[in-house]
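Just so you know, the protein sequences line up as chains L and Y, in that order. Counting from 1, one number per residue, gives the positions in the first sequence under my numbering. Counting from 1, one number per residue, gives the positions in the second sequence under my numbering. Working notes for the structure below.
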Amino acid sequence: MVIKRVLIGLAVCMTLALGATTIAQESAPADAEAASREKFRSLDEDVQDLKKEVLDLNRDLFLLEEELLFPANSQVAFFLSMDVGEYFELDSVNLKIDGKEVSNYLYTEREAGALVRGGVHRVHMANLKTGDHELIAVFTGKGPHTREYRRGATITFNKGIGAKYMELEITDRVKKQQPEFVIKEWE
Amino acid sequence: MKMKNILLGLTFSVLAATSLASSGLAGQAAPDFALKSSTGENLRLSEYRGDVVMVNFWATWCGPCRQEMPLLDELYSRYERVGFSLLGVNIDDNSSKAMNMAAELGVSFPVLFDARKEVSKLYEVEAMPVTVLIDREGTIRYVHHGYKPGYEEKYLDQIRSLLRE
Chain L
1 MVIKRVLIGL AVCMTLALGA TTIAQESAPA DAEAASREKF RSLDEDVQDL KKEVLDLNRD
61 LFLLEEELLF PANSQVAFFL SMDVGEYFEL DSVNLKIDGK EVSNYLYTER EAGALVRGGV
121 HRVHMANLKT GDHELIAVFT GKGPHTREYR RGATITFNKG IGAKYMELEI TDRVKKQQPE
181 FVIKEWE
Chain Y
1 MKMKNILLGL TFSVLAATSL ASSGLAGQAA PDFALKSSTG ENLRLSEYRG DVVMVNFWAT
61 WCGPCRQEMP LLDELYSRYE RVGFSLLGVN IDDNSSKAMN MAAELGVSFP VLFDARKEVS
121 KLYEVEAMPV TVLIDREGTI RYVHHGYKPG YEEKYLDQIR SLLRE
């Protein structure tokens with residue numbers, strides 16, 4: 001009787017052991033899949049992190065380059081804008097800073113059209129020491145009755161600490177039926 | 001000794017031919033410029049992006065230019081409608097001379113004036129004529145220094161291949 005019980009016990013143990021092996025065999029691929037999924041996820045995260053780092057580095061480099069080339073303390077930018085433009089058809093703008101020619105920009109029909117439609121063009125960017133500087137802008141084009149027109153505007157401006165922005169503005173003076181050329185400092 | 005001289009001569013000829021056919025500019029982005037044209041309009045190279053552009057540097061005192069220009073004009077009239085532009089950049093100090101010569105030769109492509117020689121410097125023009133071919137992306141693909149009869153065949157092949165891209 002005792003032997004019978006022992007045999008039954010052994011049989012049950014073996015059955016359980018076999019069952020456990022089967023379960024273990026079945027769960028093995030599932031674990032591997034989960035592990036590989038995890039691995040992929042971490043790889044993807046690594047790629048994303050790397051991408052972010054590259055973007056950050058790129059931004060830092062860009063800012064650094066800009067600071068080096070045009071340090072905020074010495075940076076001066078000159079913009080050109082047109083208001084209406086009925087009495088003046090822009091052809092070119094020549095800029096002289098302290099007697100030295102720094103830009104001679106020819107405007108195509110398309111570019112002049114963009115200005116009339118409200119566009120602003122950065123004609124020139126420079127590095128200037130702090131102190132007083134003289135800007136001479138010469139505008140050429142066609143004036144009223146499509147006559148050749150050449151006008152200059154001069155300003156003496158003070159370059160302090162920090163970037164400076166100047167605007168060369170061409171407007172229509174309806175009363176005189178003439179264009180007007182003004183140089184303004186942006187505050 | 002004689003053989004050595006011949007070999008040396010041959011080497012120099014090959015070197016000269018290579019330097020004429022290729023240029024450091026090929027493969028680089030075409031430097032942008034704007035110049036006044038014979039019609040009074042200002043023309044800017046970057047506004048031709050999307051077209052195959054030929055920039056031909058010429059002068060009134062250059063004999064080969066006189067030979068080449070009518071042939072270039074033929075190419076221009078033939079391929080203009082399929083996206084080919086030709087800009088003739090004159091480097092004379094006096095633009096009226098250039099206008100007279102262009103009228104005499106009957107060229108129909110735009111003639112631009114580079115009296116300040118700024119654009120010629122940008123394109124490293126050291127011979128006359130110089131013909132630069134720019135693809136639709138704005139990259140310089142071919143640079144030809146000088147002109148000899150038969151060059152127009154090369155231009156034709158190159159324009160056609162660039163237009164097909």
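We put the beta carbon where it would ideally sit given N, CA and C, even for glycine. The model shown is predicted, which means the values in this text are computed figures rather than measured ones.
- DSSP, reduced to helix, strand and coil, places residue 37 of chain Y within a strand of the structure shown.
- Neighbourhood of residue 108 of chain L in chain Y, by CB distance below 8 Å: 34, 41, 42, 43, 44 and 47, in chain order.
- CA-to-CA, the gap between residue 130 of chain L and residue 161 of chain L works out to about 7 Å.
- In terms of Cα proximity to residue 37 of chain Y, the closest of Y:91, Y:139, Y:75 and Y:156 is Y:91.
- Closest in alpha carbon position to residue 95 of chain L, among L:177, L:179, L:168 and L:180, is L:168.
- At a Cβ-Cβ threshold of 7 Å, residue 73 of chain Y and residue 95 of chain Y do not count as neighbours.
- Secondary structure of residue 185 of chain L (DSSP, three-state): strand.
- Residue 88 of chain Y and residue 102 of chain Y have their C-alpha atoms some 10 Å from each other.
- In the same chain as residue 103 of chain L, and ignoring 5 residues on each side of it, the C-beta atoms closer than 6 Å to its own belong to 95, 123 and 124, in chain order.
- Beta-bridge partners of residue 172 of chain L (DSSP): L:179.
- Taken in chain order, the complete beta strand (DSSP E) segments of 3 residues or longer contained in the region 15-84 of chain L are 75-82.
- By the neighbour-count definition (other C-beta atoms within 10 Å, threshold 16), residue 156 of chain L is an exposed residue.
- Of Y:26, Y:165, Y:67 and Y:45, the smallest CA-CA separation from residue 58 of chain Y is found for Y:67.
- Closest in alpha carbon position to residue 163 of chain L, among L:44, L:29, L:41 and L:69, is L:69.
- By the neighbour-count criterion, in which a residue is buried when 16 or more other Cβ atoms sit within 10 angstroms of its Cβ, residue 32 of chain Y is exposed.
- Secondary structure at residue 117 of chain L: coil, using DSSP grouped into helix, strand and coil.
- The shortest C-alpha to C-alpha distance from residue 62 of chain Y to any of Y:84, Y:147 and Y:71 is the one to Y:147.
- Taking C-beta atoms as the reference points, residue 30 of chain Y and residue 44 of chain Y fail to come closer than 7 Å.
- Contact note: residue 172 of chain L does not reach chain Y at a C-beta cutoff of 9 Å; the least C-beta distance is about 22 Å.
- In this structure, the straight-line span from the alpha carbon of residue 135 of chain Y to that of residue 46 of chain Y is close to 12 Å.
- Beta bridge pairing from DSSP links residue 126 of chain L with L:76.
- One thing to note: residue 121 of chain L has its Cβ no nearer than 7 Å to the Cβ of residue 57 of chain L.
- At the C-beta level, residue 107 of chain L and residue 135 of chain L stay beyond 7 Å of one another.
- Going by DSSP, residue 120 of chain Y is part of no beta strand (DSSP E) but of the alpha helix (DSSP H) stretching over 118-122.
- Residue 108 of chain Y carries a coil assignment under DSSP once its states are collapsed to helix, strand and coil.
- Residue 125 of chain Y sits in coil when the DSSP states are folded into three classes, being neither helix nor strand.
- About 6 Å separates the beta carbon of residue 88 of chain L from that of residue 170 of chain L, a gap short enough to meet the 8 Å contact definition.
- Residue 108 of chain L carries a coil assignment under DSSP once its states are collapsed to helix, strand and coil.
- Between residue 137 of chain L and residue 126 of chain L, the gap from beta carbon to beta carbon reaches 7 Å or more.
- Nearest to residue 158 of chain L by C-alpha distance, out of L:187, L:151, L:92 and L:175, is L:187.
- Judged by their CB atoms, residue 26 of chain Y and residue 159 of chain Y are not nearer to each other than the 7 Å cut-off.
- Using a CB distance below 9 Å, the part of the region 90-124 of chain L facing chain Y consists of 91, 92, 104, 105, 106, 107, 108, 109, 110, 111 and 112, ordered along the chain.
- If only complete runs of 3 or more residues are kept, the region 65-103 of chain Y shows the beta strand (DSSP E) at 84-90, in order along the chain.
- Around the Cβ of residue 114 of chain Y, a 10 Å sphere holds 16 or more other Cβ atoms; the residue is buried.
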